[in-house]
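Asks: The structure's right below; bear with me while I get my questions together.
There are 2 protein chains.
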Amino acid sequence: MTSPEREYVQSHLDDLHADLDAWLRIPSISADPAHAPDVAASAEWLAGALRRTGFPTVEIWPTPGAPAVFAEWPSADPGAPVALVYGHHDVQPVDPLELWERPPFEPTLVEGPDGPELHARGAIDDKGNVAFHLLGMRAHLAATGRDTPAVTVKLLVEGEEESGSPHFAGLLCERRDRLDCDVVVVSDTGMAAHDIPSTVTAMRGLADAEITLRGPAVDLHSGSFGGAVPNPLHAMARLLSALHDEQGRVTLPGFYDKVRPLSDRERELMGRVPFDEQAWLSGPAASRVATGETGFSTPERVGARPTAEVNGMWGGYAGPGHKTIIPAEAHAKLTFRLVADQRPEDVAAQVRAWVDAHLPEGIEAEVHAPPGGVAPAASDIDSPAMTALLRAIAQAFDAEPDAVLFTREGGSGPEADLQEQLGAPLVFLGGGLPTDRIHSPNERVLLPMLHRCAEATAHLWRELAGLSLRRGAS
Amino acid sequence: MTSPEREYVQSHLDDLHADLDAWLRIPSISADPAHAPDVAASAEWLAGALRRTGFPTVEIWPTPGAPAVFAEWPSADPGAPVALVYGHHDVQPVDPLELWERPPFEPTLVEGPDGPELHARGAIDDKGNVAFHLLGMRAHLAATGRDTPAVTVKLLVEGEEESGSPHFAGLLCERRDRLDCDVVVVSDTGMAAHDIPSTVTAMRGLADAEITLRGPAVDLHSGSFGGAVPNPLHAMARLLSALHDEQGRVTLPGFYDKVRPLSDRERELMGRVPFDEQAWLSGPAASRVATGETGFSTPERVGARPTAEVNGMWGGYAGPGHKTIIPAEAHAKLTFRLVADQRPEDVAAQVRAWVDAHLPEGIEAEVHAPPGGVAPAASDIDSPAMTALLRAIAQAFDAEPDAVLFTREGGSGPEADLQEQLGAPLVFLGGGLPTDRIHSPNERVLLPMLHRCAEATAHLWRELAGLSLRRGAS
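Chain order of the listed sequences is H and X.
Taking my numbering, the leading residue of the first sequence gets 1, the next gets one more, and so forth.
Taking my numbering, the leading residue of the second sequence gets 1001, the next gets one more, and so forth.
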């Protein structure tokens, strides 16, 4: 079932490809200071593309770090709702470079089993997800015959998401008035599969901690002292082995206190999403078995339950051969993924209490838990904005709105800041797939997903206009 | 109670100081290939000093690594026993250099609470312990009025002890005929305190293993996969936390099977050695508490019981900030100290069985346990050679032979190779003290300890001559 929106998109695919090809050649790696000029060039490129699309207001907003791009196209309709699109124009580093089959910043078209793929760093995360909005806006205007969109559309595309968005909350606070909106459309996620229309309804939060254990004042000779004084590596192993209980639950005291239980309806909705665990294991998870908290499925473990992971551990001698020491120190880095309604600022005290409870005599501990972290974010699946989104996605996929499934994203981003600081509900529209290798070598995007999303966003601006979204509206 | 030996030593202290001062200026660090010429120069210096002392045979024996020095002074007495002195002329590296109060290769005399100290790398480990034999031999000849020693004295001073003696067993095998002897006098250890005459009766053996655990095929994003696939760092923590049971015993299957139990007499003899645990903790052990295997004292834990220590552990991210990964691999290096009659070659299979027993589903393990290792070595405290040694030490300390205490050395060296390949009993005569900071910055020797040892060795050659040591003698 075609539509004017789809017809426009399908006849302008080359525009999207040309945009992406140019943008993806800019190595806007925010984590690497050497690439700061590239991140700035990426912002400039996007600003130019937004102007060419017709946005009357396009600004580059500096931050103490990398610049963000802001654009606004007001609707001429009085009382039209305001939608704010969130995305980012920076990309992950590319190492290990030797594992890339093609140069990461020379976008290459590859014919895949599900359609044409574009391979490049940032192809989906997040330049592809931002770029479809350019085509989508043009399709919306062409299909509706309007000079201005049916809703006021704002875009905020930051340049530090892959570096933890260190200045994003400050930017939101500083520019709050300009960012006022009725709904936030997050375009930094994806769908369950190329043939499964779906939307993300939650992202996990994040807190981190570094633990240092100290034993002897200096590295000791293991022959002269081994077996008679505490070894911090032994203490660290015992501590970390107690991070999860036999049910795979995190043992930090109070860790689950604020976790909103999964309702039967939420579990039923998650369960509708087809999930091939063997394909997931042999594909993206690259693991032999699935494991985790007892009583929850793999999608629930990743999307809807809080977790604790040791991301790094080190101490003593790691060179060739052996060195017979009892090292003075042992170290570990941990991150915690949080779900609603956990708060990242609670985790530091929980980690400290947990370390104290597991510390053997003669070992001293230091816990460094930086303030901040990322709060979990969630959509209200019964909101008017969600109704509009489901209708828009359904049209792009030739499906009914109730065939659009709900997924949860295990990762974390600044979405909760948008929700909390702007006081607007979140919906998620993105074209990524679990097989897109984001953050890894050979990142790619399935181009038909971007075409569907461009069409969906064109529908979305029209659908949102018909709803009573305005805060304070009856 | 003076003796001709002591009179000679006391009137030739300057000779010992001059020898040591010259030798300690040569930075013979065997672990650093850049110092290979210095190790060679150190061998040359020692060969010259042995010739000046009067040894008729002095040879430098090349190895695939650093050269050893061999010397022999046959006794003119028919049927005189043969003693072989073992020591080494290489030294430990000096880093961290900034912690040295004086340049490590500019020997400095310091007046300490117990007498003059000489501060330099190698001052006691092991140049001091070898150098006293030069003065000791001259004292023996002068005191007895002999032209040749009362026993045939051989010296074998290797150049790779601080690098694990990789070519020592091969050298022993190759030069077996030249090294034939009735007793081996190891001079690479020390005594319990400056005023406690004692001898070491055992050294621990050593085996090492490196363990790699593998989970996902690549580092995974902890947001997308955290909580749902096995994390090798978690598996490593659980594995290593199971290395000891609640009684502090090593859990490797079969680890204790060949351990010779401590007899009541041995424990009583060890218990005679004064040990101030608080002074040990606040001094050399630099630790807050003593801990270890239940039912054993600290000296027993270090000297007479086998132990397992994790010397290094690493995996995942160790840089600034955090990196939200589940790493593909985790690593650990372990060493095991062994006591009679454990065999280092048994440990690899024990480690493999232990790892297999503790491996969670979805994690693969690789155990790298190099062949070799070091066997434990022990003296027979009731042998004729021990009787001679105790008499010699007692005379040097103005004590009775039964006042000479027995200690055990927790460290490991190639002594078992000497015992096994040459088929001769070991005795230990060395002047080190627990406070000498061997292997650490500010290594020193208490010079009166070397004077006592020089005198003791002069007595020893005389005492040994009177005993029936010859293998095969009735």
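Beta carbons: idealized from backbone N, C-alpha and C, even for Gly.
Model, not experiment: these values are computed from the prediction.
Hey, proline 1448 of chain X and glycine 1112 of chain X: beta-carbon distance below 7 Å or not?
Replies: In this structure, glycine 1112 of chain X does not lie closer than 7 Å to proline 1448 of chain X by Cβ.
Asks: Select from H/Leu450, H/Ala279, H/Glu463 and H/Gly295 the residue whose C-alpha is nearest the C-alpha of methionine 191 of chain H.
Replies: H/Leu450
Asks: Starting from asparagine 129 of chain H and walking both ways along the alpha helix (DSSP H), at which residues does that stretch end?
Replies: 127-144
Asks: What residues in the stretch 171-200 of chain H have a beta carbon less than 9 Å from any beta carbon of chain X?
Replies: none
Asks: Check this for me: beta carbons of valine 1091 of chain X and glycine 1122 of chain X, under 7 Å apart or not?
Replies: yes
Asks: So the candidates are H/Lys127, H/Glu162, H/Asp77 and H/Asn129; which of them puts its Cα closest to the Cα of aspartate 32 of chain H?
Replies: H/Glu162
Asks: Just verifying my parser: in three-state terms, what is the DSSP assignment at arginine 1545 of chain X?
Replies: Any property of residue 1545 of chain X remains undetermined from this structure, which presents chain X solely from 1001 to 1474.
Asks: Looking only at its own chain, which residues have a Cβ that is under 6 Å from the Cβ of tryptophan 1461 of chain X, when we skip the five neighbours before and after it?
Replies: His1140, Pro1149, Ala1150 and Val1151
Asks: Along the chain, where does the alpha helix (DSSP H) containing arginine 337 of chain H start, and where does it finish?
Replies: No alpha helix (DSSP H) holds arginine 337 of chain H; the beta strand (DSSP E) holding it covers 329-338.
Asks: Going along the chain, which unbroken runs of the beta strand (DSSP E) with 3 or more residues stay wholly within the stretch 373-413 of chain H?
Replies: 405-409
Asks: Below 7 Å between beta carbons: does that hold for alanine 83 of chain H and valine 157 of chain H?
Replies: no
Asks: Just mark serine 474 of chain H as buried or exposed, buried being the case when its beta carbon has 16 or more other beta carbons within 10 Å.
Replies: In this prediction, serine 474 of chain H has a pLDDT of 36, which is less than 50 and means its spatial position is unreliable; what the coordinates show is noted afterwards. Exposed, since its Cβ has fewer than 16 Cβ neighbours within 10 Å.
Asks: Can you look up histidine 459 of chain H in the DSSP assignment and give me helix, strand or coil?
Replies: helix
Asks: Counting along the chain, where does the alpha helix (DSSP H) carrying arginine 444 of chain H start and finish?
Replies: No alpha helix (DSSP H) holds arginine 444 of chain H; the beta strand (DSSP E) holding it covers 444-446.
Asks: For proline 1093 of chain X, return the contacting residues in chain H, with the cut-off set at a CB-CB distance below 9 Å.
Replies: Correct list: empty, because the minimum Cβ distance to chain H is about 11 Å.
Asks: Between alanine 498 of chain H and aspartate 182 of chain H, is the Cβ-Cβ spacing less than 7 Å?
Replies: Outside the shown range of chain H (1 to 474) lies residue 498 of chain H, about which nothing can therefore be said.
Asks: Could you tell me the distance, in whole angstroms, from the CA atom of glycine 1321 of chain X to the CA atom of alanine 131 of chain H?
Replies: 31 Å
Asks: To which residues of the same chain is leucine 1281 of chain X closer than 8 Å at the C-beta, ignoring the five residues directly before and after it?
Replies: Ser1287, Arg1288, Val1289 and Ala1290
Asks: What does glutamate 361 of chain H reach in chain X if we use C-beta pairs closer than 8 Å?
Replies: Arg1288, Val1289 and Thr1291
Asks: Could you name the residues of chain H that arginine 1444 of chain X contacts, counting a contact when the two beta carbons are closer than 7 Å?
Replies: Ordered by position in chain H, no residue passes the 7 Å Cβ test against arginine 1444 of chain X, which lies about 16 Å from the chain.
Asks: Ends of the alpha helix (DSSP H) at phenylalanine 168 of chain H?
Replies: Looking at the DSSP string, the run of the alpha helix (DSSP H) that includes phenylalanine 168 of chain H is 168-174.
Asks: Provide the residue span of the alpha helix (DSSP H) that contains serine 1224 of chain X, from first to last.
Replies: The continuous alpha helix (DSSP H) containing serine 1224 of chain X extends over residues 1222-1225.
Asks: Would you mind telling me which residues of chain H sit closer than 8 Å to glutamate 1268 of chain X, beta carbon to beta carbon, in chain order?
Replies: What glutamate 1268 of chain X touches in chain H: nothing, since even the nearest Cβ is about 20 Å away.
Asks: Once the 5 residues before and after arginine 1051 of chain X are set aside, which same chain residues still bring their CB inside 8 Å of it?
Replies: Val1058
Asks: Can you give me the Cβ contacts of histidine 17 of chain H inside the same chain, cut-off strictly under 7 Å, excluding the 5 residues immediately before and after it?
Replies: Hits under 7 Å: none found.
Asks: Taking only beta-carbon positions, decide if alanine 1473 of chain X is within less than 7 Å of chain H.
Replies: Low confidence applies here, because alanine 1473 of chain X scores a pLDDT of 42, under 50, leaving its location unreliable; read the following figure in that light. Alanine 1473 of chain X does not count as touching chain H.
Asks: Could you confirm whether any beta carbon from chain C is found closer than 7 Å to the beta carbon of isoleucine 124 of chain H?
Replies: No chain C appears in this structure, whose protein chains are H and X.
Asks: Bridge partners of glutamate 309 of chain H, per DSSP?
Replies: Paired residues: H/Thr335.
Asks: Roughly how many whole angstroms lie between the Cα atoms of glycine 431 of chain H and alanine 385 of chain H?
Replies: 19 Å
Asks: Leaving out five residues on either side along the sequence, give the residues of the same chain with a beta carbon under 8 Å from the beta carbon of proline 253 of chain H.
Replies: Gln350, Ala353, Trp354 and Ala357
Asks: Within its chain, find whatever has a CB closer than 7 Å to the CB of leucine 233 of chain H; leave out the 5 residues flanking it on each side and keep chain order.
Replies: Only Gly315, Gly316, Pro327 and Ala330 meet the Cβ criterion.
Asks: Using a C-beta to C-beta distance shorter than 8 Å, which residues of chain X count as neighbours of asparagine 311 of chain H?
Replies: Ser1222, Leu1233, Gly1316, Tyr1317, His1322, Lys1323, Thr1324, Ile1325, Ile1326 and Pro1327
Asks: Say yes only if the C-beta of aspartate 1015 of chain X is nearer than 6 Å to one or more non-hydrogen atoms of the ligand PLP, and no if none qualify.
Replies: The model on display carries no ligand, and the ligand PLP is accordingly not part of it.
Asks: Taking only three categories from DSSP, how would you classify tryptophan 1023 of chain X?
Replies: helix
Asks: Give me the subset of the stretch 403-435 of chain H whose CB atoms are less than 7 Å from a CB atom of chain X, sorted by chain position.
Replies: Gly410, Gly411 and Ser412
Asks: Can you look up proline 1037 of chain X in the DSSP assignment and give me helix, strand or coil?
Replies: helix
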